[in-house]
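Protein chains: 2
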Amino acid sequence: MDKLSVLHRFIDTIEQYQLLKKGGHVLAGISGGADSVCLLDLLRMIAPKYKLQVSGIHINHGIRGNADQDEMFVRNLTQQWDIRLVVVKVDTPTFARKHRMSLETAARHLRYLHYQRTAKKLACDRVALGHTADDNLETVIHNLVRGAGLRGLCGIPVHRDIFIRPLIKITRKEIRSYLEAKSLKWVEDETNTDVRYTRNLIRLQIIPIMEKINPAVRENVLRTGELLRSEDCFLETLAQKALSRIGKFNSKRVLIDIKRFNSYNLVLKRRIIKLIAPEISSDHVERIVDLITRKCPGSHYIQAGVVVRIRDEGAEITRKVSKSVNGD
Amino acid sequence: MDKLSVLHRFIDTIEQYQLLKKGGHVLAGISGGADSVCLLDLLRMIAPKYKLQVSGIHINHGIRGNADQDEMFVRNLTQQWDIRLVVVKVDTPTFARKHRMSLETAARHLRYLHYQRTAKKLACDRVALGHTADDNLETVIHNLVRGAGLRGLCGIPVHRDIFIRPLIKITRKEIRSYLEAKSLKWVEDETNTDVRYTRNLIRLQIIPIMEKINPAVRENVLRTGELLRSEDCFLETLAQKALSRIGKFNSKRVLIDIKRFNSYNLVLKRRIIKLIAPEISSDHVERIVDLITRKCPGSHYIQAGVVVRIRDEGAEITRKVSKSVNGD
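Heads up: the protein sequence lines correspond to chains U and E, in order. By full-length UniProt numbering, the letter at position 204 of the first sequence is numbered 204, and the numbering carries on one by one without gaps. By full-length UniProt numbering, the letter at position 176 of the second sequence is numbered 176, and the numbering carries on one by one without gaps.
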């Protein structure tokens, strides 16, 4: 592995998925960790070639003991590289308590919220994030262990909406070597949360054994993920088409034509229900499918405020839509 | 965990998937290992309830140093339990050399071949195999690491054709406790092959960490596998329907209507090609899809004797079908 190989693979990934538009404006999420420093350095390397404008955003989550030092590190780095930086300070613990989320979920939510807002403010057409091939593998293993379905096994998408992840084919080890070869510094993430504990088990104890079995495990899981994602998207499109044919929408309610619902395969039935009520678990999806298929009369309370009423005119699904979480 | 819980879950699995017919005749594959001894014991426990006839088959692979002792162990056990046993001796190493297979692949091939033949001879309507929840998890992890697609992540099917796996929801640990509680003996598998080495890494070093992260990892992977399998089957059915519409078959050749091929989603295109030439890798599937989609004129040699010819009347795919392997 050498510096050039990382740069080349970075460019290859950008080309393969057409992640960047020439003359565009990219907002890079910079925590100050190795991945994000590498991302920012690679972006400024290719900026002339793509006529890119590169800006940075740093979210100070107010969680880590050294959050302010991290912020200072990112401020210095971007100043040194002459890159415009937006720093957003958020109070993650308070937000998490208020919305009954775990710290990780809250931090993630706030991060993406401010990425999007800032991208809009600065008129950025892309937000670049530093996820690596290791992050992808860890995510897939974690989802496998938790019992996530097809979607979870796809891993981290290379692009979604304005978000792009051009480091997804590069390993964490390669990134460290790259930074060391260029004498670039970074900060270590010192948060010690449950998720981090789990991630460390996966990273330090599971992945090394998988590498022993097959050194190409990261590439393999990435490639499989791409195939799975295309199959998942295809099924999702079929389910959406089916739903638009058999469902009548009315604010919080959907009325489903039972006879036409029953003309679909179980796979699409499940996905139709999941489209209507994404908040429910797969066990409850199964229950709703069963209720509609067998046309069980009456009102059935399911979970999380979802109610199914089987009536003559069809199956009515009502959701108690929770107020959308707001980061202000 | 107690003896009853294993028996109950065994019966639950049989009921849930309707694995057995009342009054049927089951052939149980008995290596002499813990799983197969447990399987045979459970089958004879439930035989009166289901009015089952239970027979056993033992394959002496001629590989393991103590193959003959294992055979003797199984002969004694079945005699003691008054169960009819068929012993088949095969020369796996010679078969493997002759057909250029690994020892594991050859052993597996011969095993299933003789299971089917013997089932036919004895008029058995089911062949019961001792795969456990651990075997399933190990298989899924192994397939993930190797980069298998959707099919590989489904794991081991509970039933396929006449084969049933009623221990699939029971763990290896539970099986050992069951046997110990009933003072039943078994033989340990002492073969030391590459596959076994890999399996041991997965079993001893990866799964314990996964259990630490989520003690329900086996159930989760089983449940996910079932969902994935139904999605895989659904996509397969769509691809088969599409192929029957756009393909003309002619011994070793398939002629594809290019225009109609191109009307399908990439997901179905890939699966159509995989149906025509299951022997090729996913990279080569991708290449064929690309050749047909872009209508690249001429003859293209792909892999393993597969040739694609793009002509005016359509895309012709020719396979060099290898002689089917024969166990005699």
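From the three backbone atoms N, C-alpha and C, an ideal C-beta is built for every residue, glycine too.
Subject >> Cα-Cα separation between Gly23(E) and Arg203(U), rounded to whole angstroms >> reply: Here residue 23(E) corresponds to residue number 23 of the second sequence, with the count starting at 1. Here residue 203(U) corresponds to residue number 203 of the first sequence, with the count starting at 1. Cα to Cα, Gly23(E) sits roughly 52 Å from Arg203(U).
Original post:
When Cβ atoms are compared, which residues of the stretch 146 to 157 of chain U fall closer than 9 Å to chain E?
Top reply: The residues in question are Arg146, Gly147, Ala148, Gly149, Leu150, Gly152 and Leu153.
Original post:
Out of curiosity, what's the CA-to-CA distance linking Ser324(U) and Leu85(U)?
Top reply: By one-based count along the first sequence, residue 324(U) stands at place 324. By one-based count along the first sequence, residue 85(U) stands at place 85. Residue placement at Ser324(U) is flagged as unreliable, the pLDDT there being 46, under the threshold of 50; the coordinate-derived value follows with that caveat. So the two alpha carbons sit approximately 28 Å from each other.
Subject >> Neighbourhood of Arg271(E) by C-beta, 7 Å cutoff - its chain only, sequence neighbours within 5 removed >> reply: Stepping through the second sequence from its first residue, residue 271(E) is reached at position 271. So the list reads Leu235, Glu236 and Ala239, once near-sequence residues are dropped.
Original post:
Quick one, are the C-beta atoms of residue 330(E) and Cys124(E) less than 8 Å apart?
Top reply: Because residue 330(E) is not part of the residues shown, which for chain E are 1 to 328, the question remains open.
Original post:
For Glu231(E), which residues in chain U fall below 8 Å Cβ to Cβ?
Top reply: Here residue 231(E) refers to the residue found at position 231 when the second sequence is read from its first residue. Glu231(E) reaches chain U at Leu150, Glu231, Leu235 and Val267, counting residues in chain order whose Cβ is nearer than 8 Å.
Original post:
Ordered along the chain, which non-local residues of its own chain (more than five positions away) have a Cβ less than 7 Å from that of Ile11(U)?
Top reply: Your numbering for residue 11(U) matches position 11 in the first sequence. Around Ile11(U): Ile46.
Subject >> Alpha-carbon to alpha-carbon, Val88(E) and Gly327(E) >> reply: In the second sequence, residue 327(E) corresponds to position 327, counting from 1. In the second sequence, residue 88(E) corresponds to position 88, counting from 1. Its pLDDT being 37, under 50, Gly327(E) is placed unreliably in this model, and the coordinates cannot settle the point.
**OP:** Just tell me which of Tyr178(E), Lys173(E), Arg319(E) and Asp312(E) has its CA closest to the CA of Ala304(E).
**Re:** Within the second sequence, numbered from 1, the residue matching residue 304(E) stands at position 304. Closest by alpha carbon: Arg319(E).
Original post:
Tell me the DSSP bridge mates of Arg84(U)?
Top reply: By one-based count along the first sequence, residue 84(U) stands at place 84. DSSP output for Arg84(U) lists Ser55(U) as bridge partner(s).
Subject >> Rounded straight-line distance, which links the Cα of Gln80(U) to that of Ser55(U) >> reply: On the first sequence, position 55 is the one that residue 55(U) refers to. On the first sequence, position 80 is the one that residue 80(U) refers to. Going by the C-alpha atoms only, they are around 13 Å apart.
**OP:** Please list the residues of the stretch 195 to 222 of chain E that have a C-beta atom closer than 8 Å to any C-beta atom in chain U, keeping them in chain order.
**Re:** So the close ones are Thr198, Leu201, Ile202, Gln205, Ile206, Ile209, Met210, Lys212, Ile213, Asn214, Ala216, Val217, Glu219, Asn220 and Val221.
**OP:** Have a look at Leu184(U), Lys21(U), Ser282(U) and Glu219(U) and flag the residue whose alpha-carbon is nearest the alpha-carbon of Asn76(U).
**Re:** Position 76 of the first sequence, counting from 1, holds the residue named residue 76(U). If you compare the alpha carbons of Leu184(U), Lys21(U), Ser282(U) and Glu219(U) with that of Asn76(U), the shortest gap goes to Leu184(U).
Subject >> Segment limits, beta strand (DSSP E) that includes Gly247(E) >> reply: To locate residue 247(E), count along the second sequence from 1; it is residue 247. Note, Gly247(E): beta strand (DSSP E), Gly247 to Asn250.
Original post:
Mapping DSSP to helix, strand and coil, what is Ile302(E)?
Top reply: By one-based count along the second sequence, residue 302(E) stands at place 302. When DSSP states are grouped into helix, strand and coil, Ile302(E) belongs to the strand group.
Subject >> Within the stretch 197 to 264 of chain E, ranges of the alpha helix (DSSP H) (whole runs, at least 4 residues) >> reply: Restricting attention to alpha helix (DSSP H) runs no shorter than 4 residues, the stretch 197 to 264 of chain E encloses them at 207 to 213, 217 to 246 and 258 to 261, ordered along the chain.
Original post:
Just to confirm, are Val26(U) and Ala128(U) a CB contact at a threshold of 8 Å?
Top reply: Within the first sequence, the letter at position 26 stands for residue 26(U). Within the first sequence, the letter at position 128 stands for residue 128(U). Taking 8 Å as the Cβ cut-off, Val26(U) and Ala128(U) qualify as a contacting pair.
**OP:** For Gly225(U), count neighbouring Cβ atoms within 10 angstroms of its own Cβ and tell me buried if that reaches 16, exposed if not.
**Re:** Position 225 of the first sequence, counted from the start, is the residue given in the question as residue 225(U). With 16 or more other Cβ atoms within 10 Å, it is buried.
Original post:
By how many angstroms is the C-alpha of Pro166(E) removed from the C-alpha of Ile302(U)?
Top reply: Against the first sequence, residue 302(U) aligns to sequence position 302. Against the second sequence, residue 166(E) aligns to sequence position 166. So the two alpha carbons sit approximately 31 Å from each other.
Original post:
Under 8 Å between the Cβ atoms of Ile156(E) and Ile164(E)?
Top reply: Within the second sequence, residue 156(E) is the residue found at index 156, counting from 1. Within the second sequence, residue 164(E) is the residue found at index 164, counting from 1. No; because the gap between Cβ atoms is not below 8 Å, this pair is not in contact.
Subject >> Selection of the stretch 108 to 121 of chain E by Cβ proximity to chain U, strictly under 8 Å >> reply: Listed by position along the chain: nothing, the set is empty.
**OP:** Could you tell me whether the Cβ of Ser55(U) comes closer than 8 Å to any Cβ of chain E?
**Re:** Start at 1 with the first residue of the first sequence, and residue 55(U) comes out as number 55. When Cβ-Cβ separations below 8 Å define contact, Ser55(U) makes no contact with chain E.
Original post:
When DSSP labels each residue in this structure, what does His159(E) get in the three-state scheme?
Top reply: Along the second sequence, read from residue 1 onward, the residue named residue 159(E) stands at position 159. In the structure shown, His159(E) sits in a strand (DSSP, three-state: E or B).
Subject >> Cβ-Cβ separation, Ile258(U) to Ala315(U) (assumed contact under 8 Å), whole Å >> reply: Your numbering for residue 315(U) matches position 315 in the first sequence. Your numbering for residue 258(U) matches position 258 in the first sequence. That belief holds up - the Cβ atoms of Ala315(U) and Ile258(U) are roughly 5 Å apart, short of 8 Å.
**OP:** Note down, in chain order, all residues in the stretch 273 to 304 of chain E with a beta-carbon under 8 Å from any beta-carbon belonging to chain U.
**Re:** For the stretch 273 to 304 of chain E, the set of positions with a beta-carbon nearer than 8 Å to some beta-carbon of chain U reads Ser282 in chain order.
**OP:** Look at the alpha carbon of Ser263(U) and the alpha carbon of Gln18(E), and state the distance between them as a whole number of angstroms.
**Re:** Mapped onto the first sequence, residue 263(U) falls at position 263. Mapped onto the second sequence, residue 18(E) falls at position 18. Note on geometry: alpha-carbon atoms of Ser263(U) and Gln18(E) lie some 24 Å from one another.
**OP:** Examine chain E for any beta-carbon lying closer than 8 Å to the beta-carbon of Leu27(U), and answer yes or no.
**Re:** As a position in the first sequence, residue 27(U) is number 27, starting the count at 1. Among the CB atoms of chain E, none fall inside 8 Å of the CB of Leu27(U).
Original post:
If you measure from the beta carbon of Leu243(U) to each beta carbon in chain E, is any gap under 8 Å?
Top reply: Stepping through the first sequence from its first residue, residue 243(U) is reached at position 243. By the rule that beta-carbons nearer than 8 Å mark a contact, Leu243(U) does not touch chain E.
**OP:** Pull up the distance between the alpha-carbon of Lys252(E) and that of Ala277(E), whole angstroms please.
**Re:** For the purposes of this step, residue 252(E) is identified with residue 252 of the second sequence, where counting begins at 1. For the purposes of this step, residue 277(E) is identified with residue 277 of the second sequence, where counting begins at 1. Between Lys252(E) and Ala277(E), the C-alpha separation is close to 10 Å.
**OP:** Could you pull the start and end residues of the alpha helix (DSSP H) that Arg151(U) belongs to?
**Re:** Along the first sequence, one-based indexing puts residue 151(U) at 151. Element bounds for Arg151(U): Leu150 to Cys154.
**OP:** Measuring only between beta-carbons, confirm whether Thr105(E) sits less than 8 Å from chain U.
**Re:** Taking the first residue of the second sequence as position 1, residue 105(E) is located at position 105. Closer than 8 Å: no.
**OP:** Could you have a look at Glu316(E) and say whether DSSP puts it in helix, strand or coil?
**Re:** Your numbering for residue 316(E) matches position 316 in the second sequence. Assigned with DSSP and collapsed to three states, Glu316(E) falls in strand.
**OP:** Return the Cβ separation of Thr92(U) and His61(U) in integer angstroms, given the expectation that the two are a contact with Cβ distance under 8 Å.
**Re:** Locating residue 92(U) in the first sequence gives position 92, counting from the first residue. Locating residue 61(U) in the first sequence gives position 61, counting from the first residue. The beta-carbon distance between Thr92(U) and His61(U), rounded to whole angstroms, is 5 Å. This is short enough to meet the 8 Å contact definition.
**OP:** Taking only the alpha-carbon atoms, compute the straight-line gap between Cys233(U) and Leu275(E) and give it to the nearest angstrom.
**Re:** Numbered from its first residue, the first sequence carries residue 233(U) at position 233. Numbered from its first residue, the second sequence carries residue 275(E) at position 275. Taking the straight line from one Cα to the other gives about 21 Å.
Subject >> Whole-Å CB distance - Ile310(U) paired with Pro297(U), under 8 Å assumed >> reply: Looking up residue 310(U) in the first sequence gives position 310. Looking up residue 297(U) in the first sequence gives position 297. Distance from Ile310(U) to Pro297(U) at the Cβ level is roughly 5 Å; contact confirmed, criterion being Cβ atoms closer than 8 Å.
Original post:
Okay, do the stretch 203 to 218 of chain E and the stretch 114 to 123 of chain E touch, 3+ Cβ pairs below 8 Å being the bar?
Top reply: Flag = no, the stretch 203 to 218 of chain E and the stretch 114 to 123 of chain E do not touch.
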